[in-house]
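Remarks on the structure that follows.
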Amino acid sequence: EMIPSFLPSYQVYSLSIMLLFLFFFALALAAVSPADVPALKLQRGNCPPFWYSFRGRCYKYVSTRMTWAEAELYCVSQGTNLVSIYSLDEENFVKSLIMNFDPAQGYSWIGLSDIHEEGSWMWSDGCPVKFEHCGHVNYETALKWNDIDCSNLFSSVCASQFTL
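Going by mature numbering (1 follows the signal peptide of the UniProt record, and there is no 0), the letters in the sequence shown line up with residues -30 to -1, 1 to 134, in that order.
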C-alpha cells in the first residue's frame, strides 16, 4: 500500500487511529434518526454536479467505502478535503446529506484527526477544532462523534472551503 510521502511511516498507525475517530463521527451521523435532524432539501446552488451547497461551501457524499486516508486522498483529488464541521447547523446539514444517500445512516468519515499528535485534534484541511461538539462521547446512545480505527472502510463526505 502506498503511503503518502507527507506522512512519516511511524504516523501511519496514528493515521489509522485518527481515521477511526472520523469514522465515529460518521457513525454518529448515521445513528441519528430522521426525526432528530430536520430534513433539509439538498440544493446544488453553484456547486458542480453531484455536489450540494450549504452556506457557501460545496459538499459531496461518497458512497465508496475507503479507509480514512484513502477518503482524504480522494477528496484532495477533487480539490477539497474530508468535511470540517464548524457549527451545529453544518453538522445537521452533513447528517441530512448522509441520510439522503444512505437512509440506514451508516458510518461516514469526516476530516477530524489527531494523527500529528495523539489527543490534539485537527481538521484535515488544517483548521483547528473550534466546534465544541467533538471528541470521545457515547456515540451509541448520544449519537455523537466517535474515535475508531482509521483502517475501517466507510463512506465519506468531502467539502470545499468555498463554492467550487
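Beta carbons: idealized from backbone N, C-alpha and C, even for Gly.
CA-CA distance, residue i and residue j?
i, j, result
"Ala1", "Gln75", "Residue placement at Ala1 is flagged as unreliable, the pLDDT there being 49, under the threshold of 50; the coordinate-derived value follows with that caveat. Rounded to the nearest angstrom, the two C-alpha atoms are 6 Å apart."
"Pro18", "Ser125", "20 Å"
"Glu60", "Gly89", "24 Å"
"Cys28", "Trp38", "20 Å"
"Asn62", "Asn122", "24 Å"
"Ile118", "Ile85", "12 Å"
"Phe132", "Tyr22", "12 Å"
"Glu42", "Arg14", "22 Å"
"Val32", "Met92", "21 Å"
"Trp115", "Met69", "16 Å"
"Lys65", "Phe20", "17 Å"
"Phe71", "Cys45", "18 Å"
"Leu67", "Glu87", "30 Å"
"Ser83", "Pro73", "26 Å"
"Met36", "Pro98", "24 Å"
"Asp26", "Leu52", "Checking the displayed sequence, the identity of residue 26 turns out to be Gly instead of Asp. If you take the alpha carbons of Gly26 and Leu52, they lie about 16 Å apart."
"Cys120", "Glu40", "10 Å"
Hey, quick one: how far does the alpha helix (DSSP H) through residue i stretch, first residue to last?
i, result
"Ser66", "Leu58 to Phe71"
For the beta strand (DSSP E) that contains residue i, what are its first and last residues?
i, result
"Val32", "Arg27 to Met36"
"Ala129", "Phe124 to Ala129"
"Tyr22", "Tyr22 to Phe24"
When we look at the beta-carbon of residue i and count the other beta-carbons within 10 Å, is it buried (16 or more) or exposed?
i, result
"Gly96", "exposed"
"Lys11", "exposed"
"Phe24", "buried"
"Asn16", "exposed"
"Leu58", "exposed"
"Tyr109", "Model confidence at Tyr109 stands at a pLDDT of 48, short of 50, so the residue's coordinates are unreliable; what they give is reported in the following sentence. Its Cβ being crowded by 16 or more others within 10 Å, Tyr109 is buried."
"Lys100", "exposed"
Would you please state the rounded distance, in angstroms, between the beta carbons of residue i and residue j? I believe it to be under 8 Å.
i, j, result
"Thr50", "Ser130", "5 Å"
"Tyr54", "Gly81", "Checking the sequence shown, residue 54 turns out to be Ser, not Tyr. Confirmed, Cβ separation roughly 5 Å."
"Val127", "Ser94", "Not quite, the Cβ-Cβ distance comes to about 12 Å (not below 8 Å), so this is no contact."
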